[in-house]
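One line per chain: the protein sequences are A and B, in this order.
Positions 1 to 429 (my numbering) are the ones given, in order, by the first sequence.
Positions 1001 to 1429 (my numbering) are the ones given, in order, by the second sequence.
Structure first, commentary second.
2 protein chains.
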Amino acid sequence: MKAYTEMNKQELETELEALKLTYDEYQKMDLHLDMSRGKPCREQLDLSMGMMDALNSTVDLSCEDGTDCRNYGVIDGIEEAKVLIGDMMENNPDNIIIYGNSSLNVMYDTVSRAMTHGILGNTPWCKLDKVKFLCPSPGYDRHFSITEYFGIEMIPVPMNPDGPDMDMVEDLVSKDDAIKGIWCVPKYSNPQGYSYSQEVVYRFARLKPAAPDFRIFWDNAYGIHHLYDHDQAYIPEILAECKKAGNPDLVYKFASTSKITFPGSGIASLATSPNNMEDILKQLSHQTIGHDKVNQLRHVRFFGDISGMVDHMKKHADVIRPKFEAVLNIFEQNLGGLNIGEWTKPMGGYFISFESMDGCANEIVHRAKKAGVKMTEAGATWPYHKDPKDSNIRVAPTYPPIDDLKIAAELFTVCVRMVSLEKLLETAE
Amino acid sequence: MKAYTEMNKQELETELEALKLTYDEYQKMDLHLDMSRGKPCREQLDLSMGMMDALNSTVDLSCEDGTDCRNYGVIDGIEEAKVLIGDMMENNPDNIIIYGNSSLNVMYDTVSRAMTHGILGNTPWCKLDKVKFLCPSPGYDRHFSITEYFGIEMIPVPMNPDGPDMDMVEDLVSKDDAIKGIWCVPKYSNPQGYSYSQEVVYRFARLKPAAPDFRIFWDNAYGIHHLYDHDQAYIPEILAECKKAGNPDLVYKFASTSKITFPGSGIASLATSPNNMEDILKQLSHQTIGHDKVNQLRHVRFFGDISGMVDHMKKHADVIRPKFEAVLNIFEQNLGGLNIGEWTKPMGGYFISFESMDGCANEIVHRAKKAGVKMTEAGATWPYHKDPKDSNIRVAPTYPPIDDLKIAAELFTVCVRMVSLEKLLETAE
Chain A
1 MKAYTEMNKQ ELETELEALK LTYDEYQKMD LHLDMSRGKP CREQLDLSMG MMDALNSTVD
61 LSCEDGTDCR NYGVIDGIEE AKVLIGDMME NNPDNIIIYG NSSLNVMYDT VSRAMTHGIL
121 GNTPWCKLDK VKFLCPSPGY DRHFSITEYF GIEMIPVPMN PDGPDMDMVE DLVSKDDAIK
181 GIWCVPKYSN PQGYSYSQEV VYRFARLKPA APDFRIFWDN AYGIHHLYDH DQAYIPEILA
241 ECKKAGNPDL VYKFASTSKI TFPGSGIASL ATSPNNMEDI LKQLSHQTIG HDKVNQLRHV
301 RFFGDISGMV DHMKKHADVI RPKFEAVLNI FEQNLGGLNI GEWTKPMGGY FISFESMDGC
361 ANEIVHRAKK AGVKMTEAGA TWPYHKDPKD SNIRVAPTYP PIDDLKIAAE LFTVCVRMVS
421 LEKLLETAE
Chain B
1001 MKAYTEMNKQ ELETELEALK LTYDEYQKMD LHLDMSRGKP CREQLDLSMG MMDALNSTVD
1061 LSCEDGTDCR NYGVIDGIEE AKVLIGDMME NNPDNIIIYG NSSLNVMYDT VSRAMTHGIL
1121 GNTPWCKLDK VKFLCPSPGY DRHFSITEYF GIEMIPVPMN PDGPDMDMVE DLVSKDDAIK
1181 GIWCVPKYSN PQGYSYSQEV VYRFARLKPA APDFRIFWDN AYGIHHLYDH DQAYIPEILA
1241 ECKKAGNPDL VYKFASTSKI TFPGSGIASL ATSPNNMEDI LKQLSHQTIG HDKVNQLRHV
1301 RFFGDISGMV DHMKKHADVI RPKFEAVLNI FEQNLGGLNI GEWTKPMGGY FISFESMDGC
1361 ANEIVHRAKK AGVKMTEAGA TWPYHKDPKD SNIRVAPTYP PIDDLKIAAE LFTVCVRMVS
1421 LEKLLETAE
């Protein structure tokens, strides 16, 4: 088909009329579909049902070192869980703290602790006039929600296919000691599915921030969440790189099993330097006596080791790969060559990022919703929900059954085309 | 035996010599016993092993309302868990938020949130020059640890057998708007095992604090943790009393199943007014997507309802009642009539509180430790670890096997007697 941008007014109008009829058909279908959140689907959850058999009343709930997982204690997590999660995160178990069920909660608490008590003896952020964070954008809405909630000023940084604009990051952090952190999803980023290049990781490790309490919030949410057996993203391990670069304390690295076993009933973790660990554990001892060791043991017994976890992730990939491919095929089929949008083709993670023509994203999402398909709110991927070009839409293909997903993706492309046509008609002659 | 306070110098010396020989015998035994923490023992933990069978791979992990517990969401907890915990706490399920595994964590987060964001629109505490808490003392060391960590000034309030000195509480909170809270363990208090009288609860509900953001931190840790079938403590329900008194927002009430199922793998909860709930849930939505619903479901399926939980608690009582009685018998036998100490006789909870002669507690604990028996550090039951009379020692009888416990209790009384004799000899003629 001819690119919309090449069409004259009459062609645009004809095309729009035809699409309106299609859209009306969708509206009559009374759809209730959801492509808004990065949630695993039922088939994915079923993959982990075996974990419910990993422990039962006849099983000894003791660790290898004899610790009774049923009782109080072990604030940093049981050793065998640290080994498993260490392998998952590519970190030494000694650099790991195992938490409860939510890495978001660990990130929130990390910011909250910095607010009330500061980092490694530095002034608590709540005592400072201004605290700022760099936010590679589009990015993860729940990251931005934490920093916004704490009144931290968020500065968007362009996100490229190889990672954040490092010239800008280096420049800003070296000049302004009010900049205390940056949110990163280094692998299969939310929402683009981009992975940082080796050079970007190296430059992160070599940052020279003006603030001694600047930290990289490295949310490795999709570290082993590949879609393909081959063509997997590899990125250098950030803790090791920071240590080599003489910046050992620069990074907090987060991960969880939320999208490996059960979201909400997994285990979360933080990997960081010994100095940071000591700082954090001192605080943590006031907050809790320990996290859920029985659930840590349950995970260990279910997976055995990292090899078991990798095999498990292949099963996840087998479930969701067809969904990604279905959406991408529909996008290509219905939008390819029209010159009204671009989208990413991820090799892992949970999202596809769609870039519409400027000023169209909000209306596209609205149009889809009116026909019964819920998308992530437009703007959500930007700090303060302000997408300066109103162009980014996060597409989450994992949750709906594939037949529903195909309908939702088809409808989405109809909405993209309609809204783009209307936009073009505003200035067409 | 003659009261030590009636003995002359020579009698005291003779008694001390004899006890030194006994103490030497204990030292030779190379003991490693622990009466320091309120931890359930192995037999108690075994009572909940059936919970490990409540869920397995063949069981549907859906709630009654169809919610799939395996996936994200439901920030305030699943409905059936709210019903069960509501019955446990004597609160309407609608007034309850179910959290993760630790009520201590909920209390910490509640203070932390007040620090960074304030309560119901009031100034965040971190922006105030001075924040103070009332601390009925002796009290729970981990409560005091939270407020100390946040730099909150702690004011000890005498703790009587019927609750805190309410004249003092009423006077202080009505005059000083820097006083923002009070730590309470209203039933089977830590460490005395005291329960607040009806009048004390009524007076709490009718407090007229100068600070609009004053809150009662009502840690109902031992609400159903009775030692006896009869002779159970009953106290009025504080949320209901506050509502009746026109003070609906005055209280945060905390509880957990840590000492019902598995410490560290239970579920924690908070009950409070609709206004406070709204305030808290707004914050919580930035911190997490939800707590561990699978574990909530596991608890519900295991207990069925509150009746199942009450039956379960009777089994706990059967395990630990003989331990309490063994310690109390040894105290009575070895210290009765000597006039060198007093101790409480709890009907529930996890502790016995021992009051030595002034200036002896620290040395008694030290002496016991030297012979291989670990007690809670003297002073721990007071804010800043400063027991003004150096007289309170918390005794935790639940964890050691009963034979070990008897040895530890015997040794403890030897230490009490030795240290008291030495103290009396300082001024004997």
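We put the CB at the ideal spot given by N, CA and C, even for glycine.
As the structure is a computational prediction, the values presented were derived from the model and not from experiment.
Could one say the Cβ of residue i lies closer than 8 Å to chain B's Cβ atoms, at least one of them?
i: A/R70; result: yes
i: A/I402; result: no
i: A/Y350; result: no
i: A/G431; result: Because chain A is modelled from 1 through 429, residue 431 of chain A falls outside the range shown and cannot be assessed.
i: A/N101; result: yes
i: A/C135; result: no
i: A/P383; result: no
i: A/S420; result: no
i: A/F150; result: yes
i: A/N190; result: no
i: A/K360; result: Correcting the residue type first, residue 360 of chain A is Cys in the shown sequence and not Lys. Not one chain B Cβ lies under 8 Å of A/C360.
Are any of the Cβ atoms in chain A nearer than 8 Å to that of residue i?
i: B/H1312; result: no
i: B/K972; result: Since the first residue of chain B shown is 1001 and the last is 1429, residue 972 of chain B is not available in this structure.
i: B/T1257; result: no
i: B/D1065; result: no
i: B/K1293; result: yes
i: B/S1057; result: yes
i: B/G1050; result: yes
i: B/P1263; result: yes
According to DSSP, simplified to helix, strand and coil, what is residue i?
i: B/H1291; result: coil
i: A/N160; result: strand
i: A/P322; result: helix
i: B/W1382; result: coil
i: B/H1225; result: coil
i: A/L134; result: strand
i: B/M1052; result: helix
i: B/V1059; result: coil
i: B/G1139; result: coil
i: A/G341; result: strand
i: B/N1092; result: coil
i: B/M1154; result: strand
i: A/N392; result: strand
i: B/D1219; result: strand
i: A/D46; result: helix
i: A/D68; result: strand
i: A/M115; result: helix
i: A/Y399; result: coil
Going by DSSP, what residue range makes up the beta strand (DSSP E) through residue i?
i: B/D1034; result: 1033 to 1035
i: A/S102; result: Premise fails: A/S102 is in no beta strand (DSSP E) and is neither H nor E.
i: A/I98; result: 96 to 98
i: B/V1074; result: Segment: none, B/V1074 is in no beta strand (DSSP E) and carries neither H nor E.
Where do the ends of the alpha helix (DSSP H) carrying residue i lie?
i: A/C415; result: 402 to 427
i: B/K1020; result: 1009 to 1028
Using a C-beta cutoff of 8 Å, does residue i count as contacting chain E?
i: B/Q1287; result: Protein chains A and B are contained in the structure displayed, whereas chain E is not.
Please determine whether the Cβ atom of residue i lies at a distance below 7 Å from any heavy atom of the ligand FAD.
i: A/E79; result: The ligand content of the structure shown is nil, which means the ligand FAD is not present either.
In chain order, each beta strand (DSSP E) run of at least 3 residues that lies wholly inside the stretch 162 to 217 of chain A: 179 to 184
Contact the stretch 1295 to 1313 of chain B vs the stretch 1258 to 1266 of chain B: 3+ CB pairs below 8 Å: yes
Validate contact between the stretch 133 to 140 of chain A and the stretch 179 to 186 of chain A using beta carbons, cut 8 Å, 3 pairs: yes
Stretch pair the stretch 263 to 274 of chain A + the stretch 295 to 304 of chain A: three plus CB contacts closer than 8 Å: Contact holds between the stretch 263 to 274 of chain A and the stretch 295 to 304 of chain A, because three or more Cβ pairs, one in each stretch, are under 8 Å apart.
The stretch 201 to 218 of chain A / the stretch 165 to 174 of chain A touching (three or more Cβ pairs under 8 Å): Result yes; three or more Cβ-Cβ pairs closer than 8 Å.
Complete runs of the beta strand (DSSP E) confined to the stretch 230 to 277 of chain A [at least 3 residues]: 251 to 256, 268 to 271
Touching by the beta-carbon criterion (3+ pairs, under 8 Å), the stretch 229 to 247 of chain A and the stretch 138 to 152 of chain A: no
Alpha helix (DSSP H) runs wholly inside the stretch 1344 to 1389 of chain B, at least 4 long, in chain order: List check, alpha helix (DSSP H) in window: 1361 to 1370.
Segment contact flag, the stretch 1058 to 1078 of chain B with the stretch 1245 to 1255 of chain B, C-beta cutoff 8 Å, min 3 pairs: no
Stretch-stretch touch, CB-based, cutoff 8 Å, three pairs: the stretch 1089 to 1109 of chain B with the stretch 1316 to 1331 of chain B: Not touching, per the Cβ criterion.
Touching by the beta-carbon criterion (3+ pairs, under 8 Å), the stretch 1273 to 1289 of chain B and the stretch 1049 to 1057 of chain B: The answer is no - the stretch 1049 to 1057 of chain B does not touch the stretch 1273 to 1289 of chain B, with fewer than three Cβ pairs under 8 Å.
Validate contact between the stretch 1215 to 1226 of chain B and the stretch 1361 to 1369 of chain B using beta carbons, cut 8 Å, 3 pairs: no
Inter-stretch contact at 8 Å, needing at least 3 Cβ pairs: the stretch 11 to 27 of chain A / the stretch 384 to 399 of chain A: With the cut-off at 8 Å, the stretch 11 to 27 of chain A and the stretch 384 to 399 of chain A do not touch.
Stretch-stretch touch, CB-based, cutoff 8 Å, three pairs: the stretch 1401 to 1417 of chain B with the stretch 1154 to 1167 of chain B: no
Sufficient close CB pairs (3 or more, under 8 Å) joining the stretch 1116 to 1130 of chain B to the stretch 1085 to 1102 of chain B: no
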